[in-house]
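Input: a single structure, listed below in structure tokens.
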Amino acid sequence: STGRKSRQQNRNRSTQPQEGSRLGPAEYNSSDQKTACRRHELYVSFRELGWQEVYFLHFLHVFLSGLDHRPEGYAANYCDGECSFPLNAHMNATNHAIVQTLVHLMNPENVPKPCCAPTKLHAISVLYFDDNSNVILKKYKNMVVRACGCH
Amino acid sequence: LDGNNEVHQGFIHRRLRTHEKREMQKEILSILGLPHRPRPHLSHGKYNSAPLFMLDLYNTISNEEKSQVEGMLDRYQSMRTTQSPPLATYQETAFLNDADMVMSFVNLVEYDRELSPQRRHHKEFKFNLSQIPEGEAITAAEFRLYKECVSRAFRNDTLLLKVYQVVKEHPDRRPVPAESRRLWAAEEGLEFDITATSNLWVMNRDTIWACRAVHQHQGGGPRRTGRCSEKQPFMVAFFKVSEVHIRNSR
Chain A
1 STGRKSRQQN RNRSTQPQEG SRLGPAEYNS SDQKTACRRH ELYVSFRELG
51 WQEVYFLHFL HVFLSGLDHR PEGYAANYCD GECSFPLNAH MNATNHAIVQ
101 TLVHLMNPEN VPKPCCAPTK LHAISVLYFD DNSNVILKKY KNMVVRACGC
151 H
Chain B
1 LDGNNEVHQG FIHRRLRTHE KREMQKEILS ILGLPHRPRP HLSHGKYNSA
51 PLFMLDLYNT ISNEEKSQVE GMLDRYQSMR TTQSPPLATY QETAFLNDAD
101 MVMSFVNLVE YDRELSPQRR HHKEFKFNLS QIPEGEAITA AEFRLYKECV
151 SRAFRNDTLL LKVYQVVKEH PDRRPVPAES RRLWAAEEGL EFDITATSNL
201 WVMNRDTIWA CRAVHQHQGG GPRRTGRCSE KQPFMVAFFK VSEVHIRNSR
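The listed protein sequences correspond, in order, to chains A and B. Under this note's numbering, the very last position in the first sequence is 151; numbers go up by exactly one each time. Under this note's numbering, the very last position in the second sequence is 250; numbers go up by exactly one each time.
Below, the structure is given as structure tokens:
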């Protein structure tokens, strides 16, 4: 909900050069830098989800060692921000994003701007007990956002 | 939140409503491909060996990103010399790199049956493989049996250990030899490659199989097996996803 709200706010603002531009940081005002496409962190609280009894890695630690150091939550990443001209301000802008920007500039009513989306994703491994007390280690590809950019 | 559990400036924090929590839980489970939240029946300290092994595999994956290949090799070599099984070996790491999923299976035989004097060296293990999802191909499977080093008096003795697979529905339950191995009494920890047997299990899902180990001590009577929870035998299988899983729209 936080992301959606800020995105709506961002869309109402005028398009300005983005974070990471060849121009020096002093040439941007701080509010524009905040609206640029970049990686954000979202804290997922296991406690608020009602998952105090976490079945993943730390639960195993607790189970095996008896130590009470299960995680309170998990810091996940997501991409959010404006993708606006000049796109070279975005270090991770794709070629498609440049084309998309040009078409958007020609037809702003019908063609949207490029999206702020993950450009580098990593795998994650999850360890959990199944219903039969067997332990499963599963790899999930493309689950962790390492970098964001304009697509 | 940052590392110090301080709320970032500008971050709108609000408590989730009950239905939002439920939706979020469903979404996370869906992403993980789990039908529901796992409800394991855990009795404390009962099946610790398999979770310990899996935890070691997990840590191997986690450390892999940080370490260089040469550093990894050093780590495994030192692990082999300083720690006892069932820690993951370099071979497991190779399986692990190739696998999409790893599953451990606890031995379902909790108490040994009263066996006849002729079969006092026999020990039976059962693993429930019915939880293996359809479409997963087994790339490797191991039966990991914990064997302790015997006392100094028997160090130079040898043991003959034979592993059989048993087809339950077979009329006379005749065991099929899987592997035979002669080992020194001083050796610790045993791994048996049961990849072929496991694939047979998966291909014949309706047939229930058991695994039987027979040991003959060359220098006297049978040795007592470890009763500690962290030394229980277990099975581990490495899987490769052979079909594309499509998430259902919700």
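Don't be surprised by glycine CBs; every beta carbon is placed ideally from N, CA and C. Since this is a predicted model, take the numbers as computed values, not measurements.
Interface flag, residue i vs chain B, CB-CB below 8 angstroms
| i | result |
| --- | --- |
| A:Lys113 | no |
| A:Glu48 | yes |
| A:Asn142 | no |
Residue-level contact to chain A via CB, residue i, 8 angstroms cutoff
| i | result |
| --- | --- |
| B:Asn128 | yes |
| B:Phe105 | yes |
| B:Leu29 | no |
| B:Asp193 | no |
| B:Tyr145 | What sits at residue 145 of chain B in the sequence shown is Leu, not Tyr. Answer no: the Cβ-Cβ gap between B:Leu145 and chain A never drops below 8 angstroms. |
| B:Asp100 | yes |
| B:Arg15 | yes |
| B:Ile138 | no |
| B:Pro233 | no |
| B:Met54 | yes |
| B:Ala50 | yes |
| B:Gln165 | no |
| B:Leu32 | yes |
| B:Leu160 | no |
| B:Leu190 | no |
| B:Leu183 | no |
| B:Leu200 | no |
heavy atom of the ligand GTP below 7 angstroms from residue i C-beta
| i | result |
| --- | --- |
| B:Leu160 | Questions concerning the ligand GTP fall outside what the structure shown contains, since it holds no ligand whatsoever. |
Residues that DSSP places opposite residue i in a beta bridge
| i | result |
| --- | --- |
| B:His122 | B:Val214 |
| B:Met235 | B:Phe105, B:Phe143 |
| A:Arg38 | A:Asp80 |
| A:Phe85 | Note: A:Phe85 sits in no beta bridge, so no partner. |
| B:Ile194 | According to DSSP, B:Ile194 bridges with nothing at all. |
| A:Leu137 | A:Leu127, B:Val102 |
| B:Glu179 | B:Val163 |
| B:Trp184 | B:Thr158 |
| B:Ala94 | DSSP lists no partner for B:Ala94. |
| B:Ser30 | According to DSSP, which records beta bridges pairwise, B:Ser30 is partnered with nothing at all. |
| A:Leu121 | A:Val145 |
| B:Glu136 | B:Val241 |
| A:Cys150 | A:Cys116 |
Cβ shell of residue i (< 8 angstroms), same chain only, five flanking positions each side left out
| i | result |
| --- | --- |
| A:Val135 | Leu60, Leu127, Tyr128, Phe129 |
| A:Tyr140 | Ala123, Ile124, Ser125, Val126 |
| A:Met143 | Leu121, His122, Ala123, Ile124 |
| B:Ser62 | none |
| B:Met24 | Leu16 |
Own chain residues within Cβ distance below 6 angstroms of residue i, not counting five before or after
| i | result |
| --- | --- |
| B:Val237 | Reading off the sequence, residue 237 of chain B comes out as Ala, not Val. Met103, Ile138, Ala141, Ser198. |
| B:Arg129 | Here residue 129 of chain B turns out to be Leu, not Arg, going by the sequence shown. Trp201, listed in sequence order. |
| A:Cys83 | Cys37, Lys113, Pro114, Cys116, Cys150 |
| B:Val163 | Ala178, Glu179, Phe192, Ala213 |
| A:Thr94 | His151 |
| B:Leu251 | Residue 251 of chain B lies beyond the range of chain B shown here (1 to 250); nothing can be said about it. |
| A:Lys138 | Val126 |
| A:Asn132 | none |
| A:Ala147 | Asn92, Thr119, Lys120 |
| B:Met54 | Ser104 |
Own chain, CB closer than 7 angstroms to residue i, minus 5 neighbours either side, in chain order
| i | result |
| --- | --- |
| A:Val111 | Val103, His104 |
| B:Trp184 | Thr158 |
| A:His96 | His151 |
| A:Val145 | Arg39, Asn77, Tyr78, Cys79, Pro118, Leu121 |
| A:Thr101 | Phe85, Leu87, Lys113, Pro114 |
| B:Ala99 | Thr139, Phe238, Phe239, Lys240 |
| B:Val176 | Tyr164, Gln165 |
| B:Arg155 | Ala185, Ala186 |
Interface flag, residue i vs chain E, CB-CB below 8 angstroms
| i | result |
| --- | --- |
| A:Leu105 | Judged by its chain identifiers, the structure shown contains no chain E, and its protein chains are A and B. |
Query raised in the report: Listed in chain order, which residues of the segment 112-138 of chain A have Cβ atoms closer than 7 angstroms to some Cβ of chain B?
Result: Here the close residues are Ser125, Val126, Leu127, Tyr128, Phe129, Asp130, Asp131, Asn132, Ser133, Asn134, Val135, Ile136, Leu137, Lys138.
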